[in-house]
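Engineer: All the letters of the sequence shown, read from the start, carry residue numbers 0 to 365 under numbering that gives the first Met the number 0.
Beta carbons: idealized from backbone N, C-alpha and C, even for Gly.
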Amino acid sequence: MERMPDCILFFEVHQPYRLDRHFKAKLIKHLAARGHVQIKDLETLYLDQDLNRRVIRRVAERCYIPATSLFLELLDEYVNFRVSYSFSGILLEQVERWAPDALELFRQVAKHPRAEVVGQTYYHSLACLISEEEFRSQVSEHKQLLKTLLGYKPTIFENTEFIYDNHVAVLVQDLGFKAIFTEGAERILGWRSPNYVYRAKGLNLRVLLRNYRLSDDVAFRFSSRWWKEYPLTADKYASWLAASPGQVVCICIDYETIGEHYPEETGIFEFFKHLPSEALKWENLRFATPSEAVERNQPVDELDVPPSQTVSWADPERNLSAWLQNDMQKIVFNEVVQLEPLVKELRDPLLTRLWRLMTISDHYYY
């Protein structure tokens with residue numbers, strides 16, 4: 000019997016710093032009280048930290064703590080189960096500050112021999128569209144944070160929202176990563192399947208492609224009563240995974256799908272609780288970390304994605320339009336890009352960090 004694909008279960012774990020809609024009022028109040036504004040005051044003025052704290056605590060209680068506890072139990076129970084995570088730097092900052100109980104569970108996952116942590120940009124940003132220097136800086140900063148907080152050194156990379164093209168691939172390989180995730184969009188694959196390992200154009204970098212149909216069955220259709228496959232059960236989903244031809248099937252979703260997007264009463268926790276046992280009933284289906292998948296499977300073809308065809312996992316278009324389509328998005332992003340040399344010339348760490356907080360992709364999406 001032909002071997003069915005390795006299954007990669009990948010979770011994106013990210014929460015942005017939300018900007019304060021009342022910045023002007025806060026600034027006026029601050030000036031009235033102190034008469035001046037220092038650089039060290041700006042982050043507090045720009046960010047709605049009360050909202051950020053409340054969101055982190057809510058998501059930690061609904062998702063991060065119960066879901067991570069569940070996956071740690073499953074990793075211990077099933078020696079052939081695997082899971083992988085990508086934590087943004089600003090998410091780790093916030094859980095360290097407001098949800099240390101969640102951070103401790105993330106540490107346990109990072110240390111587990113059957114789990115893998117994937118690198119990304121520190122600020123979950125659009126740095127790859129700003130400059131090579133800034134992209135390298137944010138990736139290096141993220142590497143250092145993973146080492147400091149989780150004791151982990153990543154070898155697989157996931158750019159913000161799976162943004163990918165040939166230029167990104169060059170930078171990622173140059174930064175020492177052996178593989179990268181991106182979206183298995185038809186416009187970059189043509190007739191080919193996302194269920195194979197590919198090689199970036201002209202490079203040794205391996206490319207793992209998200210199977211968006213199977214991923215979105217969980218991420219967007221899990222509790223949709225109009226869907227002909229409702230309800231989605233673990234045994235049904237496992238049969239779909241087992242029926243997928245190819246080398247590898249990448250199921251990549253936002254971690255907040257579990258408990259936050261879909262509350263516990265939808266059955267989402269029960270679904271994942273039973274998924275390993277149901278999937279492992281299929282003899283030729285096995286779970287894999289991203290590293291295991293690229294070690295086991297040789298690339299079948301080269302993937303050529305010129306910068307004019309940049310791909311992402313965002314929205315039906317799967318390009319950059321989620322962040323850079325309308326005039327307001329373009330104007331604001333261009334202003335941030337133009338500030339880069341001016342900010343860096345001042346060599347002020349607080350000002351540089353504030354500028355980098357403005358590169359967070361969520362600001363342009365909302």
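1. Between the C-alpha atoms of lysine 152 and lysine 235, what's the straight-line distance to the nearest angstrom?
2. Is the beta carbon of proline 298 closer than 9 Å to that of valine 169?
3. Determine, using beta-carbon pairs with one atom in the segment 338-353 and one in the segment 293-311, whether at least three such pairs fall under 8 Å.
4. For aspartate 216, which residues from the same chain have a beta carbon less than 8 Å from its beta carbon, with the 5 sequence-adjacent residues on both sides left out?
5. Under the three-state reduction of DSSP, which class applies to glycine 373: helix, strand or coil?
6. If leucine 353 sits next to leucine 41, beta carbons under 8 Å apart, how far is it from one beta carbon to the other, in whole angstroms?
7. Can you say whether tyrosine 195 is buried or exposed, counting buried as having 16 or more other CB atoms within 10 angstroms of its CB?
8. Are the CB atoms of alanine 178 and leucine 204 nearer to each other than 9 Å?
9. Using 9 Å as the threshold, is the C-beta distance between histidine 260 and alanine 313 below it?
10. Using 8 Å as the threshold, is the segment 4-15 in touch with the segment 86-100, meaning 3 or more CB pairs across them?
11. Give me the Cβ distance between phenylalanine 70 and valine 108, rounded to the nearest whole Å; I'm assuming they're in contact under 8 Å.
12. For arginine 57, I'd like the list of residues in its chain whose CB is within less than 7 Å of its CB, leaving aside the five on either flank, ordered along the chain.
13. When the Cα atoms are used, what is the spatial distance from asparagine 325 to alanine 278?
14. Does the pairing of the segment 113-125 with the segment 355-364 give three or more beta-carbon distances under 8 Å?
15. Which of helix, strand or coil does DSSP assign to arginine 191?
Structural biologist: In brief:
1. 36 Å
2. Between valine 169 and proline 298, the C-beta gap is not smaller than 9 Å, which leaves the two residues out of contact.
3. With a cut-off of 8 Å, the segment 293-311 and the segment 338-353 do not count as touching, because too few Cβ pairs lie within range.
4. Glu228, Leu231, Tyr236 and Trp239
5. With the chain covering only 0 through 365, there is no way to say anything about residue 373.
6. 5 Å
7. buried
8. yes
9. Between histidine 260 and alanine 313, the CB-CB gap reaches or exceeds 9 Å.
10. yes
11. 7 Å
12. none
13. 43 Å
14. yes
15. coil
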